[in-house]
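J.: So the protein sequences, as listed, match chains A and B.
Numbered by our numbering, the letters in the first sequence go through residues 2 to 415 in order.
Numbered by our numbering, the letters in the second sequence go through residues 54 to 278 in order.
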Amino acid sequence: MNATAAAAEPLVLGIETSCDETGVGIVRGTRLLANEVASSMEEHVRFGGVIPEIAARAHLEAFTPTLRKALATAGVQLQEVDAIAVTAGPGLAGALMVGLSSAKGLALATGKPLYGINHLVAHVAVGLLGGGDPGAPGPEESGGTAVSGSTASTASPALPGQWSRAKTGAGTRCSEPVETGESRRRSQASPSIGALLVSGGHTEILRVGSLTDDVELLGATIDDAAGEAYDKTARLLGLGYPGGPKIDAAAGEGDPTAFAFPRGLTRPKFEGTAENPGKHRHNWSFSGLKTAVARAVEQFQLAGLEVPVADIAASFQEAVVDVLTSKAVRACQEHGLNTLLLGGGVAANSRLRGLLAERCAAAGIELTVPPIPLCTDNGAMVAALGAQLVASGARASSLAIPADSSLPVHRISL
Amino acid sequence: MLLLSIDSSAGASAALTGDGEPLSSWQTEQTTSHAEVLAPAVHQLISEASVTGEELGGVVVGAGPGPFTGLRVGLALAHALAEAWDKPLYGVCSLDSLALRATDAGIAGEFLVTTDARRREVYWARYESDDVGSRLIEGPFVGPAAELPALPAVGSGVQLYPQDLSVPELLPDAAAWLPDAAELGRLAHGAVTGELTGVLCPPLPLYLRGSDAKVPQQMLKGAAS
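Here you go:
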């Protein structure tokens with residue numbers, strides 16, 4: 002941690018309402034003080050997916066109670082916070098507007114600066130929080146922080162920006178990354194990390210040079226998000242919602258090689274080569290997979306046979322996880338990224354964590370997975386990014402900022 | 054008593070009232086920019102009046118009915134302001150604003166207040182004004198203008214459905230009326246001081262419609278199997 006960030010440990014309240022979780026979190030610098038989440042998930046179960054209007058209604062009802070809980074947990078008064086951070090996008094427009102309008106009200110009433118921030122970058126910033134390493138692994142780290150050093154698995158990655166890089170030998174573990182000219186220039190200026198974000202709404206691989214001013218989209222799904230594919234497949238198989246845990250559980254009993262489901266966008270014409278990459282080298286597609294599962298289910302139904310749910314679930318999961326991890330690891334290698342952070346709700350998936358850990362280890366990439374409550378949507382991640390922006394002297398947002406449902410990842414704040 | 058009032062049920066508006074009298078106000082007829090314009094307008098209103106949260110007796114919010122997304126913007130803002138200032142939050146049905154305006158203008162007997170509910174429908178309520186005072190008879194409801202009681206009507210529903218609704222002769226311009234926060238502030242003041250009854254409602258949105266979500270076929274099958 003450099004001197005500026007150590008001197009300025011802003012107390013920031015973060016608000017998240019981009020999907021079905023109403024989150025209010027409070028951090029001081031990189032220390033997590035509160036992370037309260039109210040979810041409307043139960044109300045969406047019978048629909049097999051998030052209904053935007055139901056989510057937006059629930060946010061309005063849940064906001065004030067969640068705010069009160071977060072302040073009580075953190076033991077702080079609203080007047081004490083240095084800034085209010087809120088997800089301005091991407092996400093569901095009607096849902097975003099509830100959090101944004103609430104945040105504006107708090108900022109206006111308290112006279113505190115407002116930071117409208119990018120939800121995806123917040124998923125990366127959350128890696129700074131929690132565990133016994135509040136992000137300053139250097140010897141200058143003073144003791145006595147509130148979070149005790151007990152959860153080694155949640156150690157913060159060497160996130161760029163305000164962080165010292167303890168892993169100076171990282172390059173030796175990486176098998177000759179193929180660098181483009183651009184990535185080489187950038188990595189010389191500021192070593193970057195990769196971030197793989199996988200949820201019901203997102204599937205992206207990012208290069209993060211600095212949380213406050215250098216985030217680049219390397220690849221993303223061109224159709225369904227991976228979590229959405231899980232939900233749709235779970236519906237097809239009659240497993241219920243949310244699809245991730247249901248399919249993960251069913252897959253445990255099945256044979257992942259029983260069906261050869263497609264890995265989208267892996268043909269040479271899409272992928273090209275490292276030197277001459279195709280248009281979709283680092284992109285994913287899951288809509289073809291979903292169709293393939295539907296065809297497989299239909300064949301059994303038409304033949305009057307019992308649908309082999311476990312085998313289909315296992316084979317589907319393997320197809321998703323295989324293509325997610327192989328493309329993510331390759332994107333890291335080809336951009337010289339030695340550290341990968343996994344975020345988003347699908348980070349809870351056991352097979353994704355397992356295979357990604359395996360493949361990262363083989364490629365000499367250090368994998369970081371924040372604790373699951375910080376991987377799913379929450380307000381603490383918003384506060385964490387807000388604190389970085391405050392500490393870096395970033396300009397505060399105007400009270401007139403809109404909710405931007407398709408906010409691009411390089412726009413870190415509005 | 055100083056009140057800050059906010060309404061985003063049709064256009065959007067904000068007002069400061071002192072003992073029910075308007076001190077300053079802001080309004081827009083725009084219906085799609087509440088999330089951007091309302092907070093800066095409130096900020097400007099209280100800054101220019103040099104009013105602090107400490108001095109307010111409470112926050113008043115129009116509970117609708119109104120199109121969902123815009124309505125929630127005003128409610129979320131009002132909830133957050135009241136919470137941060139630690140002041141009471143009062144809800145008032147937004148249609149009451151136009152009923153008050155019609156009563157002030159001297160309307161007599163029963164009449165309707167109508168606003169745009171989109172999807173070829175109006176939000177509406179039936180009011181009555183006589184020598185004793187004025188009151189809500191029934192509502193608020195949502196429905197097609199053609200199915201409303203045959204009574205003179207005020208509010209933008211008349212502008213949208215002139216074949217079904219008409220303004221009272223007394224109020225030729227009432228078809229353009231939109232709810233206004235200053236009137237909600239006046240009503241809330243009357244209610245808080247005990248001069249008016251039946252005005253305050255919970256500061257929660259009057260949606261009057263469900264979420265429109267449909268359970269997919271596959272989920273029905275899944276539930277059955």
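Ideal placement from N, C-alpha and C gives every residue a C-beta, glycine not left out.
Predicted, not measured: the structure shown is a model, and the values here were computed from it.
Give a yes or no on contact between the segment 23-41 of chain A and the segment 403-413 of chain A, applying the rule of three or more CB pairs nearer than 8 Å.
T.: No contact exists between the segment 23-41 of chain A and the segment 403-413 of chain A.
J.: Could you name the residues of the same chain whose beta carbon sits closer than 7 Å to that of R125(B), not counting the 5 residues immediately before and after it, in chain order?
T.: Answer for R125(B): P258, listed in chain order.
J.: Going by Cα to Cα distance, which pick from G111(B), A227(B), L223(B) and D265(B) is closest to L253(B)?
T.: Considering only alpha carbons, the answer is G111(B).
J.: Among I52(A), T377(A), S351(A) and G344(A), which residue has its Cα nearest to the Cα of E37(A)?
T.: Ranking I52(A), T377(A), S351(A) and G344(A) by Cα distance to E37(A) puts T377(A) first.
J.: According to a CB-to-CB cut-off of less than 9 Å, which residues of the segment 100-121 of chain B neighbour chain A?
T.: Listed by position, the residues of the segment 100-121 of chain B near chain A (Cβ gap below 9 Å) are G106 and F121.
J.: Rounded to the nearest angstrom, how far is the Cβ of T122(B) from that of G95(A), given a contact under 8 Å?
T.: About 5 Å separates the two Cβ atoms, so the contact holds.
J.: Report the partner residues of F260(A) according to the DSSP bridge assignment.
T.: According to DSSP, which records beta bridges pairwise, F260(A) is partnered with nothing at all.
J.: The beta strand (DSSP E) that contains Q216(B), what's its start and end?
T.: Careful: Q216(B) lies outside any beta strand (DSSP E) and carries neither H nor E.
J.: Consider the Cβ of A92(B): report whether some Cβ of chain A lies at a distance smaller than 8 Å.
T.: It does: the Cβ of A92(B) has a partner Cβ on chain A nearer than 8 Å.
J.: Just checking my contact of T111(A) with L79(A) at CB under 8 Å: how many whole Å lie between their CB atoms?
T.: That pair is a contact at about 6 Å.
J.: How is the alpha helix (DSSP H) around E254(A) delimited, first residue to last?
T.: That residue, E254(A), is in no alpha helix (DSSP H); it is neither H nor E in DSSP.
J.: DSSP three-state label for Q334(A), please.
T.: Three-state result, Q334(A): helix.
J.: So what's T377(A) in DSSP terms, helix, strand or just coil?
T.: Correct three-state label for T377(A): coil.
J.: How about the segment 218-235 of chain B and the segment 66-85 of chain B: do they share at least three Cβ pairs that are nearer than 8 Å?
T.: The segment 218-235 of chain B, when compared against the segment 66-85 of chain B, does touch it at the 8 Å Cβ threshold.
J.: In the structure shown, what three-state DSSP assignment does E307(A) receive?
T.: E307(A) falls in the coil class under three-state DSSP.
J.: Show which residues of chain A have a CB atom less than 7 Å away from the CB atom of R125(B).
T.: What R125(B) touches in chain A: A57, L61, M98 and V99.
J.: Could one say the Cβ of P417(A) lies closer than 8 Å to chain B's Cβ atoms, at least one of them?
T.: With chain A running from 2 to 415 in the structure shown, residue 417(A) is simply not present.
J.: If the cut is a Cβ gap below 7 Å, which residues of chain A does P193(B) touch?
T.: Going along chain A, no residue has its Cβ under 7 Å from P193(B), so there is no contact; the nearest lies around 18 Å.
J.: List in chain order: all unbroken alpha helix (DSSP H) runs of 4+ residues lying wholly within the segment 205-264 of chain B.
T.: The segment 205-264 of chain B contains these whole alpha helix (DSSP H) runs: 209-213 and 234-245.
J.: If you count every other CB in all the chains shown that lies within 10 Å of the CB of Q83(B), and 16 or more means buried, which is it?
T.: Looking at its Cβ environment, which holds fewer than 16 other Cβ atoms inside 10 Å, Q83(B) is exposed.
J.: Which same chain residues end up closer than 7 Å to A104(A) when comparing Cβ atoms and leaving out the 5 residues on each side of it in sequence?
T.: Excluding sequence neighbours, A104(A) sits near I16, I85, V87 and L115.
J.: Quick one: which residues of the segment 100-112 of chain A get their C-beta closer than 9 Å to a C-beta of chain B? List them in chain order.
T.: Of all residues in the segment 100-112 of chain A, G100, L101, S102, S103, A104, K105, G106, L107, A108, L109, A110 and T111 have a Cβ within less than 9 Å of some Cβ in chain B.
J.: Could you tell me if L1(A) is buried or exposed, where buried requires 16 or more neighbouring beta carbons within 10 angstroms of its beta carbon?
T.: Only positions 2 to 415 of chain A appear in the structure, and residue 1(A) is not among them; the question remains open.
J.: Residues in the same chain with beta-carbon distance under 6 Å from E22(A), minus the five sequence neighbours each way, listed in chain order, please.
T.: Answer for E22(A): V38, S40 and D378, listed in chain order.
J.: Restricting to Cα atoms, I'd like to know which of D83(A), G100(A), E54(A) and R47(A) is closest to T65(A).
T.: Of D83(A), G100(A), E54(A) and R47(A), the residue nearest in Cα terms is G100(A).
J.: So for G170(A), helix, strand or coil by DSSP?
T.: Reliability of the predicted coordinates at G170(A) is poor, the pLDDT of 32 falling under 50, and the value obtained from them is presented with this limitation in mind. The answer is coil: DSSP assigns G170(A) none of H, G, I, E or B.
J.: With a threshold of 8 Å between beta-carbons, can V88(B) be considered close to chain A, or not?
T.: One detail in the question is off: residue 88(B) reads as Ala in this sequence, not Val. It does; some Cβ of chain A falls within 8 Å.
J.: For P269(B), go through chain A and note every residue whose CB falls closer than 9 Å to its CB, in chain order.
T.: The contacting residues are F48, G49, G50 and R236.
J.: With respect to the beta strand (DSSP E) encompassing Y143(B), which residues constitute its N-terminal and C-terminal limits?
T.: L142 to V145 is the extent of the beta strand (DSSP E) around Y143(B).
J.: Mind checking if F271(A) is an interface residue toward chain B, Cβ cutoff 8 Å exclusive?
T.: No, F271(A) does not count as interfacial toward chain B.
J.: How far does the alpha helix (DSSP H) with R354(A) in it extend, from its first residue to its last?
T.: R354(A) -> alpha helix (DSSP H) spans S351 to A364.
J.: By the criterion of Cβ-Cβ separation under 7 Å, what are the contact partners of E81(A) in chain B?
T.: Here the premise fails: no neighbours, minimum Cβ distance about 12 Å.
J.: Bridge partners for S77(B) per DSSP, in chain order?
T.: Bridge partners of S77(B): L69(B).
J.: Would L390(A) and S351(A) qualify as a contact pair, given that the criterion is a beta-carbon distance under 8 Å?
T.: The answer is no: Cβ separation not under 8 Å.
J.: By how many angstroms is the C-alpha of A261(A) removed from the C-alpha of F301(A)?
T.: Going from the Cα of F301(A) to the Cα of A261(A) covers about 16 Å.
J.: Determine the direct distance from the alpha carbon of D83(A) to that of L151(B), and round the result to whole angstroms.
T.: Their backbone Cα atoms lie some 41 Å apart in a straight line.
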